[in-house]
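**Q**
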Amino acid sequence: MAVFSSIFSRSGYSGLQAAKILHNAVRKSTLVTDANPVDKSFNSKTAEQSFKQDKVIPSRYRFTYPEFLPDPNPKFRNSLREKLERIDMLARRAHIDIPEFYVGSILAVTYSERHAPGKINKFVGICIERHGGGLRAKFQLRNVVDSQGLEVLFELYDPAIQKIECLRLEKRLDSHLRYLRDAPQEYSTFPFDMEQEHLPEGAPVPVNEIKIKLNPYPWLEKWEIQHLKGAELQLNERRRKRQEKSKKPWEKYDLMKTYRSTIPEEEQNKIFNEVYTKLHELEITRRRQKHKRIFIRPKKTV
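For this note's numbering, add 748 to where a residue sits in the sequence shown, where the first one is 1.
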């Protein structure tokens, strides 16, 4: 109303000039009134961004839960199948506690077997290999029983598995320990009544830097061309030359090979962002059960 009174109170303005002044005044007022919705939308966007930033995915997830990452080969990729598998994996983890373990950790697996007495069997061994993704994730345990090396291949999400215990949590220098097949049996022998070793809360996973001296040739595989860090090999001149010839120091600079053999970080964050809430709840439940003490009522003695 103040704008209209200031315009029509002045003399000497024609109708066209008054219309122009009125149009400019209305335009300025609309710009002022429209500034508030923009500020509100900007504030809402910043709030959403801050909420997303607060939900930071731990970097250890890609090592603790490698089975949630799909096969990097595009021939075996299917987004719908991978999403359904992640749902099934979370549902399975809600029924059975699958602890954190790596190649080199000592595990005890209790599983159902119809031919065993009591329909239940237990195997203790060192994890020599872990491979596969999704519901096809597998891990292999090795132990020596009656001077005979035994290896059992388990599917991580097999419904027959009743319990998985990590008796000793540690890592090794290599991505696999298959060379224990050609090593002395003392490095693969573990008692079935081995007690669980607990690490302090928040402590990093220890790395066992032991160097295992393998038995003399012949071997089951050509270990000399695999460039193992945790094995000591006794090589003759011919095999030493083969080892030098098999070295490929330029591969660490091959970006395309790295790209084809890994999942991009953006896609990893997207996958773990989808399962983070459920995995975090399971970790909290596991931590509470770890600190829970079982009370055993003492028996009366006569």
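Where is the CB? At the ideal position from N, CA and C, for every residue including glycine.
#1: Where does S936 land, buried or exposed, given buried means 16+ other C-beta within 10 angstroms?
#2: Within 10 angstroms of the Cβ of F816, are there 16 or more other Cβ atoms? Answer buried if so, exposed if not.
#3: Report the start-end ranges of each beta strand (DSSP E) in the region 871-928 that is 3 residues or longer and not cut off at the edges.
#4: Which whole-angstrom value is the C-beta distance of L915 and G978, which I expect to be below 8 Å?
#5: Using 8 Å for Cβ pairs, my map puts L981 next to E972. What's the rounded Cβ distance?
#6: Compare the Cα-Cα distances from K919 to each of F940, L855 and R929 and report the closest residue.
#7: Thinking I925 and V851 are a contact (beta carbons under 8 Å), I'd like their distance in whole angstroms, please.
#8: Determine whether the beta carbon atoms of L917 and F849 lie at a separation below 8 Å.
#9: Mind checking E1014: buried by the 16 CB within 10 Å criterion, or exposed?
#10: Once DSSP output is grouped into helix, strand and coil, what is the label at A979?
#11: Assuming contact is defined by CB atoms lying nearer than 8 Å, are P818 and R825 in contact in what I supplied?
#12: Would you call the CB atoms of R1036 and D845 closer than 8 Å?
#13: First and last residue of the alpha helix (DSSP H) that includes I835?
**A** Based on what the coordinates show:
#1: As a working note, residue 936 is residue 188 in the sequence shown. Per the 10 Å Cβ criterion, buried.
#2: Your numbering for residue 816 matches position 68 in the sequence shown. F816 is buried by the Cβ-count criterion.
#3: Counting only runs of 3 or more, we get 886-893, 896-903 and 909-916.
#4: Position 167 of the sequence shown, counting from 1, holds the residue named residue 915. Position 230 of the sequence shown, counting from 1, holds the residue named residue 978. Actually they do not touch by this definition, with Cβ atoms about 20 Å apart.
#5: In the sequence shown, counting from the first residue as 1, residue 981 sits at position 233. In the sequence shown, counting from the first residue as 1, residue 972 sits at position 224. In this structure, L981 and E972 form a Cβ contact; the two beta carbons are roughly 6 Å apart against a cut-off of 8 Å.
#6: Here the question's residue 919 lines up with position 171 in the sequence shown. Nearest Cα to K919 within the set F940, L855 and R929: L855.
#7: For the purposes of this step, residue 925 is taken as residue 177 along the sequence shown, with counting starting at 1. For the purposes of this step, residue 851 is taken as residue 103 along the sequence shown, with counting starting at 1. The residue you asked about is not Ile; residue 925 is Leu in the sequence shown. About 6 Å separates the two Cβ atoms, so the contact holds.
#8: As a working note, residue 917 is residue 169 in the sequence shown. As a working note, residue 849 is residue 101 in the sequence shown. For the pair L917 and F849, the CB atoms are nearer than the 8 Å cut-off.
#9: Against the sequence shown, residue 1014 aligns to sequence position 266. By the neighbour-count rule (16 or more Cβ atoms within 10 Å), E1014 is not buried but exposed.
#10: As a working note, residue 979 is residue 231 in the sequence shown. In the displayed model, A979 falls within a strand according to three-state DSSP.
#11: Sequence index remark: in the sequence shown, residue 818 carries index 70 (1-based). Sequence index remark: in the sequence shown, residue 825 carries index 77 (1-based). Yes.
#12: For the purposes of this step, residue 1036 is identified with residue 288 of the sequence shown, where counting begins at 1. For the purposes of this step, residue 845 is identified with residue 97 of the sequence shown, where counting begins at 1. No.
#13: Counting from 1 along the sequence shown, the entry for residue 835 is found at position 87. Counting along the chain, the alpha helix (DSSP H) containing I835 begins and ends at S827 to R841.
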